[in-house]
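Numbering (my numbering), first residue to last: 4 to 130.
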């Protein structure tokens, strides 16, 4: 795993994407961008992508989440909180994570509908 500073520096340079990556046969309708794939590989956090994608069925029942979702993972003292917002301060889902070694104190990701059957997990700078 790279250092938190190296990871953040690399993520700060993620603008747009050239490729889409499928990471799990369980979540075939979700893909990662260059930035989120880099994050998953280098922070060893495919579990985070799984957690986000696992809310898909629930999110599709909420009209405000069907095309766009705003996700934030906040880490403190080896514990984390993962939230999904419809809009600023409008929390749809919240999950407490009892243990994590995720190297950053916070990461924001968006989930955006690409087409009828595909959702993209991306960094805000890749939008």
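For glycine and all other residues, C-beta sits at the position ideal for the given N, C-alpha and C.
**the stretch 86–102 touching the stretch 48–67, judged by at least three CB pairs closer than 8 Å** = Contact between the stretch 86–102 and the stretch 48–67 is present: three or more C-beta pairs spanning the two stretches fall below 8 Å.
**Message:** For residue 113 and residue 52, what's the separation of their Cα atoms in angstroms?
**Reply:** Reading the chain shown from its first residue, position 110 is the one you call residue 113. Reading the chain shown from its first residue, position 49 is the one you call residue 52. So the two alpha carbons sit approximately 11 Å from each other.
**Message:** Measuring only the C-alpha atoms, how far is residue 91 from residue 111?
**Reply:** In the chain shown, the residue the question calls residue 91 occupies position 88. In the chain shown, the residue the question calls residue 111 occupies position 108. Straight-line Cα distance between these residues: approximately 12 Å.
**Request:** Rounded to whole angstroms, what's the CA-CA distance from residue 102 to residue 78? Just pull it up for me.
**Result:** As a first step, residue 102 must be located in the chain shown, where it is residue number 99. As a first step, residue 78 must be located in the chain shown, where it is residue number 75. Cα to Cα, the separation comes out at about 9 Å.
**Asked** Over what stretch of residues does the beta strand (DSSP E) that includes residue 17 continue unbroken?
**Response** Residue 17 sits at position 14 when you count from the first residue of the chain shown. For residue 17, there is no enclosing beta strand (DSSP E), as DSSP gives it neither H nor E.
**Prompt:** Are residue 42 and residue 14 touching if we call contact CB-CB under 9 Å?
**Reply:** Indexing the chain shown from 1 puts residue 42 at position 39. Indexing the chain shown from 1 puts residue 14 at position 11. The beta carbons of residue 42 and residue 14 sit closer together than 9 Å.
**Asked** How would you label residue 122, buried or exposed, when you count the other beta carbons within 10 angstroms and need 16 or more for buried?
**Response** The residue given as residue 122 occupies position 119 in the chain shown. It is buried - the Cβ of residue 122 has at least 16 other Cβ atoms within 10 Å.
**Request:** Name the two residues that bound the continuous beta strand (DSSP E) containing residue 55.
**Result:** Here the question's residue 55 lines up with position 52 in the chain shown. Residue 55 -> not in any beta strand (DSSP E); alpha helix (DSSP H) instead, spanning 49–57.
**Item:** Option in 71, 75 and 104 with minimal Cα separation from residue 82
**Value:** On the chain shown, residue 82 is found 79 positions in, with the first residue counted as 1. Among 71, 75 and 104, the Cα nearest to that of residue 82 belongs to 104.
**Message:** Given this structure, state the Cα-to-Cα distance separating residue 63 from residue 69, to the nearest angstrom.
**Reply:** Here the question's residue 63 lines up with position 60 in the chain shown. Here the question's residue 69 lines up with position 66 in the chain shown. When only Cα atoms are considered, residue 63 and residue 69 end up about 5 Å apart.
**Prompt:** In this structure, what does DSSP give as the bridge partners for residue 88?
**Reply:** Here residue 88 corresponds to residue number 85 of the chain shown, with the count starting at 1. According to DSSP, which records beta bridges pairwise, residue 88 is partnered with 73 and 94.
**Message:** residue 7 and residue 125 - do their beta-carbons sit closer together than 9 Å?
**Reply:** For the purposes of this step, residue 125 is taken as residue 122 along the chain shown, with counting starting at 1. For the purposes of this step, residue 7 is taken as residue 4 along the chain shown, with counting starting at 1. Residue 125 places its beta carbon 9 Å or farther from that of residue 7.
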